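Here is the structure we will look at.
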Amino acid sequence: MPIVRVALPVPLPQLFDYSSQDACDEDVGRCVRVPFGRGEKSGLIVARVAESDLDPARLKAVRHIQREVAPLPADWLELVGFVARYYHAPLGEVIALALPPGLRRADAVSDRESDPLLDLSEAGHAALAEGRRASRALALLGELRAAGVIRRSAARELPAGAALGDAMKRGWVVAVRGADPAMPAANRPELTDEQRAAVEAVSAAPQGFAPWLLQGVTGSGKTEVYLRLAERALAAGQQVLMLVPEIALTPQLESRVANRFPAACVVSLHSALAEGARSRGFVQALEGRADIVLGTRLSVFAPLPRLGLILVDEEHDASYKQQEGVRYSARDVAVWRARQRGVPVVLGSATPSLESWQHARLERYRSLRLDARALASTLPAVRRIDTRRMKLDEGLSPQLKTAIGERLARGEQSLVFLNRRGYAPVLSCPACGWVSQCPHCSANLVVHLADRRLRCHHCGCDTEVPHHCPVCSNQDIQPFGRGTQRVEARLVELFPEARVLRVDRDSARTRNQWESLLAQIASGEADILVGTQMMAKGHDFPQLTLVGVIGADASLHAADFRAPERLFQQLMQVGGRAGRAHLPGEVLIQTEYPDHPLYRCLVKHDFDAFAASALDERRAAGFPPFTFQAMLRADAPMLDDAMQFLAHARRLAQEMAPAGVRVFDAVPMRMTRLARRERAQLLVEADERAPLQGFIAHWIEVLRGQRTHRELRWQLDVDPLDV
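Take 3 as the starting number for the sequence shown in the working numbering and just add one per residue.
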């Protein structure tokens with residue numbers, strides 16, 4: 003009887019053999035449901051073997067093989083195999099992460115396209131020619147005839163779009179297949195000289211793998227370069243994979259891509275999609291029907307038989323690194339996948355990660371630059387406001403308030419940037435010193451005054467704001483510090499005639515709320531925006547001319563060596579929202595350290611000078627990218643259990659570590675307690691990647707064989723972002 007080897011989503015680095023009466027070689031790469039223990043699990047067939055190490059009589063039989071969907075190809079299995087090896091994760095867990103839930107369960111998947119192209123049928127043309135009595139359906143037919151082939155979502159937006167369902171029921175409008183997915187819309191903007199040079203450089207390069215770093219200032223038109231490169235790939239009959247860092251950026255870019263290529267099948271993949279839509283998009287990519295796949299980090303696993311180009315927007319963004327489960331970097335996996343498939347990969351950013359910038363400087367990556375804005379004539383002026391001897395009004399300096407008032411008088415928009423949501427970071431009692439500490443984490447409960455709640459932004463703990471101090475009963479408890487809600491409330495008081503809009507995770511919890519906020523801003527229905535990092539990238543508002551930054555200095559004192567890099571990237575990105583059209587922009591940064599080198603580089607928009615200085619510091623300190631790291635983390639209800647496990651792991655590591663691999667002491671994490679669990683970590687480091695990887699493979703195998711406390715959990719993070 004045929005035997006299949008199945009990868010299952012269990013924390014064990016092994017595959018499982020099952021018997022199957024009708025399995026064949028074509029079933030490798032297909033999802034299956036199999037008995038496991040007392041229940042059932044879904045997995046993926048990764049091989050068909052002639053015999054098993056187990057007694058054939060002990061093999062259980064496969065219950066279902068999903069043959070309604072094409073099998074995943076060999077290159078996809080190679081991709082997930084690489085991720086499992088490099089990040090030292092069980093193959094079954096990597097596959098479970100990469101597959102949509104519906105497909106992973108071997109459920110039936112609908113192949114119906116969710117947003118098909120529509121055109122008039124012969125009956126529709128005849129209905130128009132007959133001169134029937136005027137109706138909404140006939141009005142729609144006239145609009146569709148004028149528009150040509152159009153997506154269903156776009157047809158609904160037409161003046162008579164409400165009659166679309168009726169027209170389709172009558173058979174007047176039908177779904178069609180676009181003839182040329184590469185045919186762009188007619189309203190393409192003219193390329194600047196720098197954009198044209200970038201497109202020509204990538205297009206003229208010899209076919210095959212080539213990593214490109216597209217470094218362009220904010221507003222320089224990097225997206226237009228992506229679209230022109232995608233157009234050329236589609237014209238060659240290839241598929242395009244485009245990654246963005248956050249779901250919030252997906253709707254805008256998805257709309258722009260779909261409008262540019264109305265005949266192309268554009269598939270969006272991200273975790274916020276409904277299961278059916280995500281599975282359907284994955285299958286469309288697998289079967290080659292999707293022309294462009296656009297999504298967040300998980301879309302790097304989309305199977306693409308005609309892959310010809312990979313684009314990674316905002317390549318520096320930390321969102322590309324998965325922080326739970328399999329801790330992979332989608333950006334790094336995208337580069338490996340481009341090498342595997344022999345296609346170009348373009349990494350774009352105004353503020354590249356120092357690792358990518360260093361690769362470009364050493365010519366491992368090919369460099370492309372866009373140093374001028376595409377529409378605005380100049381970059382926004384950046385000015386520092388020295389707040390050392392200044393009394394602030396809920397965080398607002400007199401200069402910032404004056405600048406906001408000037409924009410209001412001119413009918414322009416302002417953004418006050420504060421990367422801390424809520425009303426205040428903590429509630430405290432001045433009498434006894436009580437603070438609103440989270441009972442489950444080493445963090446404070448944040449005051450959300452709008453609904454009178456205290457919330458932990460780490461574990462989700464939620465409680466009412468007390469009417470008095472729970473320790474001494476003092477009624478004069480006060481919020482300490484400020485968040486976006488507090489700044490919003492003060493701006494409403496200062497500018498009662500202005501329309502103040504707060505943009506953060508509390509005001510935009512769903513995609514519809516987020517799109518509604520963006521539409522309000524774009525239509526000029528808001529005068530002053532108060533936003534967090536959600537507003538820092540990917541948005542283009544022509545009337546926004548002022549950005550004021552509050553509370554940036556905190557990152558200068560952070561323990562993480564990457565904090566200055568993230569601060570510079572964040573400030574340069576959020577500052578780039580100002581003056582993106584024909585109105586001049588200005589960025590005001592409130593700081594107690596106006597002479598700090600980071601701010602001096604920021605004033606000059608000189609990322610290269612900052613990057614060179616930061617890399618010199620990292621080289622002297624022995625930090626990445628000049629070393630390679632892995633972090634072993636453990637958590638348990640008691641800190642002693644986590645520390646004892648890591649101490650034991652350190653002893654094992656010291657016994658087997660080769661020369662050049664350094665094993666550090668186990669220490670509690672900066673946020674030691676999270677969701678009632680105590681956490682600690684152990685850093686391992688080497689000057690070369692290969693010795694570190696070889697050591698980790700052996701070390702993890704030994705660790706998996708150790709007996710541990712029942713409540714203890716541990717995981718490995720290769721190339722960690724937080725150290």
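All residues carry an ideal CB built from backbone N, CA and C; glycine is no exception.
Since we're looking at a predicted model, the values are computed, not measured.
When you compare each of the options to residue i by their alpha carbons, which one comes out closest?
| i | options | result |
| --- | --- | --- |
| Thr512 | Gly104, Ser273, Ile698, Gly350 | Ser273 |
| Phe38 | Ile47, Tyr20, Val48 | Tyr20 |
| Leu63 | Val30, Ala25, Ala655, Phe628 | Per the sequence shown, residue 63 should be read as Ala rather than Leu. Measuring from the Cα of Ala63, the nearest candidate turns out to be Ala25. |
| Val725 | Ala374, Ala238, Arg635 | Arg635 |
| Asp315 | Asp334, Pro307, Cys33, Arg198 | Asp334 |
| Ala129 | Ala292, Asp117, Leu143, Gln68 | Leu143 |
| His66 | Pro92, Arg35, Lys43 | Arg35 |
| Glu317 | Arg488, Gln217, Phe211 | Gln217 |
| Val449 | Ile479, Cys474, Val82 | Ile479 |
| Ser137 | Leu120, Ser123, Ala164, Phe697 | Ala164 |
| Pro102 | Val285, Ala374, Pro566 | Val285 |
| His541 | Leu81, Asp27, Gln254 | Gln254 |
| Pro58 | Met3, Leu429, Ser509, Leu372 | Met3 |
| Gly210 | Gln197, Leu309, Asn189 | Leu309 |
| Arg712 | Ala433, Asp168, Pro639, Gly344 | Pro639 |
| Ala500 | Leu641, Arg282, Ile530, Leu74 | Ile530 |
Assign residue i to one of two classes, buried (16 or more other C-beta atoms within 10 Å of its C-beta) or exposed (fewer than that).
| i | result |
| --- | --- |
| Arg729 | Only positions 3 to 725 of the chain appear in the structure, and residue 729 is not among them; the question remains open. |
| Thr380 | exposed |
| Val51 | exposed |
| Gly624 | exposed |
| Gly707 | exposed |
| Phe609 | buried |
| Arg153 | buried |
| Lys393 | exposed |
| Gln515 | exposed |
| Lys323 | buried |
| Val437 | exposed |
In chain order, what residues of the same chain lie with their CB nearer than 6 Å to the CB of residue i, ignoring the 5 residues before and after it?
| i | result |
| --- | --- |
| Asp618 | none |
| Pro307 | Gly290 |
| Arg234 | Ser205 |
| Phe570 | Leu600, Phe612 |
| Ala86 | Leu93, Val96 |
| Thr465 | Leu456 |
Sorted by chain position, which residues of the same chain lie with C-beta nearer than 8 Å to residue i's C-beta, five sequence neighbours on each side aside?
| i | result |
| --- | --- |
| Arg507 | Arg423, Thr534, Met536 |
| Glu703 | Pro15 |
| Thr710 | Phe647, Trp716 |
| Asp302 | According to the sequence as given, residue 302 is Val; it is not Asp. Excluding sequence neighbours, Val302 sits near Leu243, Leu245, Ala332, Val335, Ala336, Arg339. |
| Thr629 | Glu687, Ala688, Asp689 |
Does the separation of the CB atoms of residue i and residue j fall below 9 Å?
| i | j | result |
| --- | --- | --- |
| Ser22 | Val6 | yes |
| Ser351 | Ala362 | no |
| Cys33 | Ala100 | no |
| Leu410 | Val532 | no |
| Glu414 | Leu546 | yes |
| Ser123 | Val176 | yes |
| Ala149 | Ala141 | no |
| Cys443 | Val473 | no |
| Val384 | Leu604 | yes |
| Gln522 | Leu493 | no |
| Leu723 | Arg564 | yes |
| Thr225 | Arg582 | no |
Tell me, to the nearest whole angstrom, how far the beta carbon of residue i is from that of residue j; I am working on the premise that it is less than 8 Å.
| i | j | result |
| --- | --- | --- |
| Leu215 | Pro427 | With a Cβ gap of about 37 Å, Leu215 and Pro427 do not count as contacting. |
| Leu231 | Val204 | 6 Å |
| Ile312 | Val259 | Not a contact, Cβ separation roughly 15 Å. |
| Ala445 | Met673 | 6 Å |
| Ile294 | Val242 | 5 Å |
| Arg329 | Asp719 | 5 Å |
| Ala688 | Arg664 | 7 Å |
| Lys539 | Gln575 | 5 Å |
| Arg679 | Asp643 | Contact doesn't hold; Cβ gap of about 10 Å is too wide. |
| Glu594 | Thr389 | 6 Å |
| Val151 | Pro92 | About 46 Å; that fails the 8 Å criterion. |
| Pro382 | Ala580 | 4 Å |
| Leu727 | Val71 | Outside the shown range of the chain, which is 3 to 725, sits residue 727, and nothing can be said about it. |
| Val489 | Glu396 | 6 Å |
| Ile552 | Arg386 | No, Ile552 and Arg386 are not in contact; Cβ-Cβ is about 13 Å, not under 8 Å. |
| Leu166 | Glu145 | Incorrect: roughly 10 Å between the Cβ atoms, too far for contact. |
For chain D, check one thing: does any of its Cβ atoms lie closer than 9 Å to the Cβ of residue i?
| i | result |
| --- | --- |
| Leu74 | Within the model displayed, chain D is absent; a lone protein chain is all it includes. |
Spatial neighbours of residue i within its chain, please: CB distance less than 7 Å, with the 5 preceding and 5 following residues excluded, ordered by chain position.
| i | result |
| --- | --- |
| Ala212 | Pro346, Arg368 |
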